[in-house]
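Structure record follows, encoded as structure tokens.
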Amino acid sequence: MTALTDAGTAVIRCRNGDHTIALTDRELIAGRLIEASRKHSFDPDVDVDWDAPPVPGLLYAPPEAVSLYETPLWDLLSDDQRVELTRQETASLASFGIWSELLLMQILVQHSYRNRYDSSHVAYALTELADECRHSVMFGRMVQTLGLRTHRPRALEFHLLKVLGAIHDPMLMFAAALVIEEFTDAIQRITFPDERIQPLVRQVSRIHVIEEARHIRYAREELKRQVAASSATRRKLTATRLAWGMSAIIVRNIMHPSGYAAAGLDPEVARREAAASPHRQAVLQWASRKSMAAFDEVGFLDGRARAIWQKSGFLARDAA
Ligand SMILES: [Fe+2]
Ligand SMILES: [Fe+2]
Numbered sequence: 005m006t007a008l009t010d011a012g013t014a015v016i017r018c019r020n021g022d023h024t025i026a027l028t029d030r031e032l033i034a035g036r037l038i039e040a041s042r043k044h045s046f047d048p049d050v051d052v053d054w055d056a057p058p059v060p061g062l063l064y065a066p067p068e069a070v071s072l073y074e075t076p077l078w079d080l081l082s083d084d085q086r087v088e089l090t091r092q093e094t095a096s097l098a099s100f101g102i103w104s105e106l107l108l109m110q111i112l113v114q115h116s117y118r119n120r121y122d123s124s125h126v127a128y129a130l131t132e133l134a135d136e137c138r139h140s141v142m143f144g145r146m147v148q149t150l151g152l153r154t155h156r157p158r159a160l161e162f163h164l165l166k167v168l169g170a171i172h173d174p175m176l177m178f179a180a181a182l183v184i185e186e187f188t189d190a191i192q193r194i195t196f197p198d199e200r201i202q203p204l205v206r207q208v209s210r211i212h213v214i215e216e217a218r219h220i221r222y223a224r225e226e227l228k229r230q231v232a233a234s235s236a237t238r239r240k241l242t243a244t245r246l247a248w249g250m251s252a253i254i255v256r257n258i259m260h261p262s263g264y265a266a267a268g269l270d271p272e273v274a275r276r277e278a279a280a281s282p283h284r285q286a287v288l289q290w291a292s293r294k295s296m297a298a299f300d301e302v303g304f305l306d307g308r309a310r311a312i313w314q315k316s317g318f319l320a321r322d323a324a
């Protein structure tokens with residue numbers, strides 16, 4: 005069981021011993037995040053140059069983050085095909101981003117509904133909701149400007165998450181938000197400074213990285229509090245459900261099969277090559293390293309969860 009102490013910490017009993025986690029005052033954290041939001045928020049309508057034409061020859065994503073990079077198939081691609089693949093992967097990631105943000109917005113509304121309306125904690129949840137609204141509009145407009153269409157997940161995932169997203173389970177939902185936000189953030193952090201990439205994608209990535217840093221902090225702190233207030237059994241069950249669901253959802257949705265076809269590839273062959281690629285596995289682990297470290301800290305990698313993350317390639321098998 006979790007033991008709460010008087011010193012703003014909680015002791016969580018984990019597989020590899022007791023973890024002491026610091027619980028910073030909820031109002032204090034929210035106040036700081038609101039202050040940061042006041043200073044560093046963007047209006048994509050004016051802060052992105054939507055009218056600039058694409059620069060010929062530039063990519064739309066860092067090639068190292070492309071699903072087929074360093075596979076035998078990648079070596080066979082022409083320069084034009086590589087550019088097209090990066091355009092398709094960027095549109096897929098943005099589509100996945102919008103879907104995740106729509107689910108997160110639901111969580112933030114539910115969370116606000118159940119907390120004190122005059123608290124800084126709720127004020128920040130609503131501030132984040134406003135950020136996510138702007139992000140989803142921005143991602144949609146980016147995909148449209150790239151001359152493409154957004155994708156929905158497969159019907160099963162689309163309908164399942166439509167139902168699950170309406171059920172209030174803050175520990176599961178903030179953990180899910182954390183793993184997705186860290187993942188997208190990792191890719192976008194290497195995208196915005198990269199001069200090989202189209203200015204439009206770099207501008208959108210930069211705005212998202214700056215605003216997401218606050219969201220990641222909020223989700224991380226809230227996850228710690230939720231874990232501290234729950235039993236070890238509930239925590240392990242939630243961690244297992246999260247690992248099982250998210251590992252599959254992320255892998256299946258960050259690249260839509262139609263994107264491979266648009267680049268002149270057989271979608272099934274491309275999907276298989278990406279799944280078998282050691283480089284792709286390394287990218288998944290690198291992009292998830294911060295969320296996995298946060299999960300380890302709060303006992304979310306105990307038991308079945310660790311094995312599921314490892315089997316799906318998000319966590320190295322020899323990780324402590
Ligand atoms: Fe966002
Ligand atoms: Fe976010």
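Okay, so the sequence shown: first residue is 5 according to this note's numbering, each after it adds one.
Cβ atoms here follow ideal geometry from the backbone N, Cα and C, with glycine treated the same way.
- For H155, no alpha helix (DSSP H) run applies, since DSSP gives it neither H nor E.
- V287 and S281 have their alpha carbons spaced roughly 10 Å apart.
- Contact between D198 and E216 does not hold, since their C-beta atoms are separated by about 18 Å, which reaches or exceeds 8 Å.
- Using a Cβ-Cβ distance cut-off of 8 Å, the region 106-117 and the region 15-23 are not in contact, since fewer than three pairs of beta carbons, one from each stretch, lie closer than that value.
- Residue pairing by DSSP places I25 opposite A14 in a beta bridge.
- Counting C-beta atoms within 10 angstroms of its own C-beta, K240 has 16 or more neighbours from the protein chains shown and is therefore classed as buried.
- Boundaries of the alpha helix (DSSP H) around Y264: P261 to A266.
- Taking non-hydrogen atoms of ligand 2 into account, the C-beta of H219 is found less than 6 Å away from one of them.
- Membership of D84 in the alpha helix (DSSP H) is indicated by the continuous run D83 to R118.
- Straight-line spacing of the CA atoms in F299 and G249 works out to 15 Å.
- Counting of Cβ neighbours within 10 angstroms places Y121 among the exposed residues, the total staying below 16.
- Looking at the DSSP output, I201 sits in a beta bridge with L63.
- Here K228 is buried. Its C-beta has 16 or more other C-beta atoms within 10 Å.
- Distance from the CA atom of H23 to the CA atom of H115, rounded to whole angstroms, is 27 Å.
- Per DSSP, H139 is one residue of the alpha helix (DSSP H) stretching across S124 to T149.
- Contact between the region 255-266 and the region 33-52 is absent: fewer than 3 CB-CB pairs across the two stretches fall below 8 Å.
- Only residues of its own chain outside the window of five on either side were considered, and among them T244, A247, W248 and S251 have a CB closer than 8 Å to the CB of I312, listed in chain order.
- Closer than 6 Å to some heavy atom of ligand 1: that describes the Cβ of E136.
- Under the three-state reduction of DSSP output, I194 falls in the helix class.
- E216 has its CB nearer than 6 Å to a heavy atom of ligand 2.
- The beta carbons of S124 and E31 sit closer together than 7 Å.
- The C-alpha of L77 is placed about 35 Å away from the C-alpha of I214.
- The nearest non-hydrogen atom of ligand 2 is less than 6 Å from the C-beta of E185.
- Each of A129, Q289, L81 and E88 was checked against the Cα of F178, and the nearest Cα belongs to A129.
- Assigned with DSSP and collapsed to three states, N20 falls in coil, not helix or strand.
- For E105, the Cβ falls inside the 6 Å cut-off from some heavy atom of ligand 1.
- G317 sits close to Q285, with the two beta carbons spaced by under 7 Å.
- One thing to note: S99 has its Cβ within 7 Å of the Cβ of T154.
- S82 and G101 have their C-alpha atoms spaced approximately 28 Å apart.
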